[in-house]
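Notes follow once the structure below has been shown.
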Amino acid sequence: MDTSSAAEATCPYCKGAGFVYKERPRDDPDFGKAVPCQCTSQALKKGRRQLLERYSNLGPLVRLTFDNLVPQGRSPHTRNQERFRSAVEAARAFAQSPEGWLVLLGPSGCGKTHLAAAIANYRLAQGQPVLFVVVPDLLDHLRSCYDPQSTVSYDELFEQVRQAPLVVLDDLGVQTSTPWAREKLDQLISHRFNCRLPTIFTCAVGLEELEERLRSRLSDPELSRVFVLEESKPPLLGQLSSLGQELLSQMTFENFDARRSGLTPEQFTPKQRQNLQEAYRIARMFAQSPEGSWLVLLGRNGCGKTHLAAAIANYRLAQGQPAFFVGVPDLLDHFRSAYSPESKLTYDELFETVRSTPLLILDDLGAQTSSPWAQEKLYQLINHRYNARLATVITSNLPPKDIEARLISRMGDVRFSTVFFIDAPDYRIADLKIDDLKPRPVSENPALRRHRASR
Numbered sequence: 169m170d171t172s173s174a175a176e177a178t179c180p181y182c183k184g185a186g187f188v189y190k191e192r193p194r195d196d197p198d199f200g201k202a203v204p205c206q207c208t209s210q211a212l213k214k215g216r217r218q219l220l221e222r223y224s225n226l227g228p229l230v231r232l233t234f235d236n237l238v239p240q241g242r243s244p245h246t247r248n249q250e251r252f253r254s255a256v257e258a259a260r261a262f263a264q265s266p267e268g269w270l271v272l273l274g275p276s277g278c279g280k281t282h283l284a285a286a287i288a289n290y291r292l293a294q295g296q297p298v299l300f301v302v303v304p305d306l307l308d309h310l311r312s313c314y315d316p317q318s319t320v321s322y323d324e325l326f327e328q329v330r331q332a333p334l335v336v337l338d339d340l341g342v343q344t345s346t347p348w349a350r351e352k353l354d355q356l357i358s359h360r361f362n363c364r365l366p367t368i369f370t371c372a373v374g375l376e377e378l379e380e381r382l383r384s385r386l387s388d389p390e391l392s393r394v395f396v397l398e399e400s401k402p403p404l405l406g407q408l409s410s411l412g413q414e415l416l417s418q419m420t421f422e423n424f425d426a427r428r429s430g431l432t433p434e435q436f437t438p439k440q441r442q443n444l445q446e447a448y449r450i451a452r453m454f455a456q457s458p459e460g461s462w463l464v465l466l467g468r469n470g471c472g473k474t475h476l477a478a479a480i481a482n483y484r485l486a487q488g489q490p491a492f493f494v495g496v497p498d499l500l501d502h503f504r505s506a507y508s509p510e511s512k513l514t515y516d517e518l519f520e521t522v523r524s525t526p527l528l529i530l531d532d533l534g535a536q537t538s539s540p541w542a543q544e545k546l547y548q549l550i551n552h553r554y555n556a557r558l559a560t561v562i563t564s565n566l567p568p569k570d571i572e573a574r575l576i577s578r579m580g581d582v583r584f585s586t587v588f589f590i591d592a593p594d595y596r597i598a599d600l601k602i603d604d605l606k607p608r609p610v611s612e613n614p615a616l617r618r619h620r621a622s623r
C-alpha cells in the first residue's frame with residue numbers, strides 16, 4: 169500500500185470508510201444519511217487534477233509556471249526586457265480570463281513556450297481544461313491516425329484539438345510545409361477563428377514569414393493580441409553580413425591556398441609556406457572552439473587573412489552556430505545609415521545587436537575613414553567585446569604601430585588573444601607574369617569579351 173492509501177485508511181474522520189454521517193436531529197430528513205468524507209473530496213480533486221494533466225499533454229512542462237518565470241526575460245537588452253514584461257502582464261490577464269487569441273513571437277530561448285505553459289498550468293490549477301500541443305508533433309500524430317493499428321481515429325484526435333476550450337499551439341511555423349500539413353492547419357485554425365475559441369500561439373518566425381491566410385488570422389485586431397518577446401538577431405545580421413557576397417561565401421578551409429600550390433620557390437618560399445600553414449592551423453582551431461577568445465590576423469593585401477576569417481565564419485554557420493562577418497568600412501556605413509529617418513532600425517538597436525553577437529568577424533580594420541566619430545564607435549565596439557570576452561576575429565593590413573593604441577592594447581592581450589602575422593605573397597597577383605599585365609586583344613581576354621557582349 170502506498171503512502172497516500174495509508175493516509176486515507178487512517179483518516180481521523182471516517183477511519184478509512186470514505187464517508188461519515190451528518191450530525192442532525194432525529195426529526196431532520198438528513199438524519200442518518202451518509203455523506204462523502206472530506207478525504208474523499210480531496211482525492212476526487214486530486215484525481216481530477218491528474219486527469220486534467222493527462223488531457224493537457226503538458227508532460228514535463230508542468231514545471232513551468234509564472235512563479236519560476238524571469239519577469240524581464242533573459243535578454244540583456246532593455247527594449248527586449250520591456251517587451252517581455254508587457255507579454256507577461258498580458259499572459260497573466262489571459263490566464264485569469266481566456267478570451268480571444270494570444271500570439272507570442274520570438275527566437276528560440278526567448279521564453280515564449282514558458283509563458284504559454286505558465287498560462288496552461290494556471291488554468292489547470294483552477295481545475296479548467298487546457299490542451300498543449302507542439303504543431304509538428306500534432307501533425308505527426310494526425311498522420312499516424314491513418315495507420316490501421318492506431319488506437320485513436322483521425323476524426324477523434326482532430327475534433328479534440330478543434331473543440332478544446334483552450335488550446336496552446338506551440339512552435340507554429342517550424343512544421344514541414346507540405347500541402348497536406350497546410351490544409352490541416354488551415355482547417356484547425358479557421359475553425360477556432362470562426363468560433364472565437366481561446367487559443368495561444370507561439371512562433372519562432374515573424375508573422376511576415378507565415379502564409380498570408382494564416383498571417384491574416386493571427387493578426388486580426390478584433391480577436392488577436394500579438395507580442396514580440398524578442399527581436400531575432402540572426403536575420404538582421406544575416407542581411408548586413410558581407411558573407412552574402414559570392415566570393416566570400418566560397419572561402420572555406422578546404423580551398424584555402426589552392427592558388428599558391430603551383431608557385432615556384434622564388435615566388436613562394438618554404439618559410440612563407442610554413443607561415444601560411446601555421447595561420448591555417450590557428451584559424452581552424454579557433455573555428456572549432458572560439459568561445460571567449462580573440463584571433464587577430466595581420467598581413468599585407470592578398471596574403472589570405474580575409475579568406476581565413478571568412479572560412480571561420482562559413483565553418484561556424486555550417487555547424488549551425490551564429491557568426492557575423494563584416495568589413496569595418498561597411499559596418500560603419502550601416503551605423504551611419506541607422507541615423508536616417510527612413511531606417512527601420514535605430515542606431516542603438518543595431519549597435520547593441522552587433523556588439524553582443526556571439527562571434528563577430530571584423531575584416532579590414534584600418535581601411536575605414538579615420539574620423540573621430542569612426543574611431544569612437546570602433547573603440548566602443550571593441551572595448552565592449554574585450555570586457556565581455558566575446559569571441560572576435562579582426563583582420564588588418566596595418567602594422568601594430570599604426571593601429572590606434574586603445575585598440576591594439578586590447579587586440580594584443582595575450583591572456584586570451586592570438587595575434588598572427590601572415591607573411592605570404594598576394595595570391596591575387598603573385599602567380600602573374602609581367603606579360604600577363606600587358607593589354608591584350610579582346611579576342612584573347614575573356615573578361616573584356618564578356619563585358620563588351622553585355623553592352
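Going by the working numbering, the first residue of the sequence shown is number 169, and it counts up by one from there.
Yeah, the Cβ is synthetic: ideal placement off N, Cα and C, and Gly gets one too.
| Check | Outcome |
| --- | --- |
| By the three-class DSSP mapping on this structure, what secondary structure does A455 have? | helix |
| For V329, is the classification buried or exposed, using 16 other Cβ atoms within 10 angstroms of its Cβ as the cut-off for buried? | buried |
| Work out the CA separation of E446 and D338 for me, nearest whole Å. | 48 Å |
| Identify whether R360 lies in helix, strand or coil by the three-state DSSP scheme. | helix |
| Does G274 pass the burial test, meaning 16 or more other C-beta atoms within 10 Å, or should it be called exposed? | buried |
| DSSP three-state label for I480, please. | helix |
| Can you tell me whether A255 is buried or exposed, with buried defined as 16 or more other CB within 10 angstroms of its CB? | buried |
| From R216 to V303, what distance separates their C-alpha atoms? | Only weak support is given to the placement of R216: the predicted model assigns it a pLDDT of 49, under 50, and the value that follows is read from those uncertain coordinates. Cα to Cα, the separation comes out at about 26 Å. |
| Along the alpha helix (DSSP H) that carries D498, what are the first and last residues, could you check? | 496-505 |
| Report the three-state DSSP secondary structure of I550 (helix, strand or coil). | helix |
| Check whether the stretch 505-523 touches the stretch 457-475, counting contact only when three or more Cβ pairs, one atom from each stretch, lie closer than 8 Å. | no |
| Are L272 and K280 touching if we call contact CB-CB under 8 Å? | yes |
| For G472, collect the residues of the same chain with a Cβ closer than 8 Å to its Cβ; drop the 5 residues on either side in sequence, then sort them by chain order. | F424, D425, L444, A447, I590, A592, Y595 |
| For H359, collect the residues of the same chain with a Cβ closer than 6 Å to its Cβ; drop the 5 residues on either side in sequence, then sort them by chain order. | R330 |
| Kindly provide the ranges of any beta strand (DSSP E) runs that are 3 or more residues long and lie completely inside the stretch 244-324, ordered along the chain. | 269-273, 299-302 |
| In or out: V336 buried (at least 16 other Cβ within 10 Å) or exposed? | buried |
| Can you round the beta-carbon distance between H282 and L237 to whole angstroms, since I take them to be within the 8 Å contact cut? | 6 Å |
| Secondary structure at G227, three-state DSSP: helix, strand or coil? | helix |
| So, does the stretch 245-264 touch the stretch 306-325, judging by three or more C-beta pairs under 8 Å? | no |
| Is L533 near V496, with beta carbons less than 8 Å apart? | yes |
| Buried or exposed, going by whether 16 or more other CB atoms sit within 10 Å of the CB of K512? | exposed |
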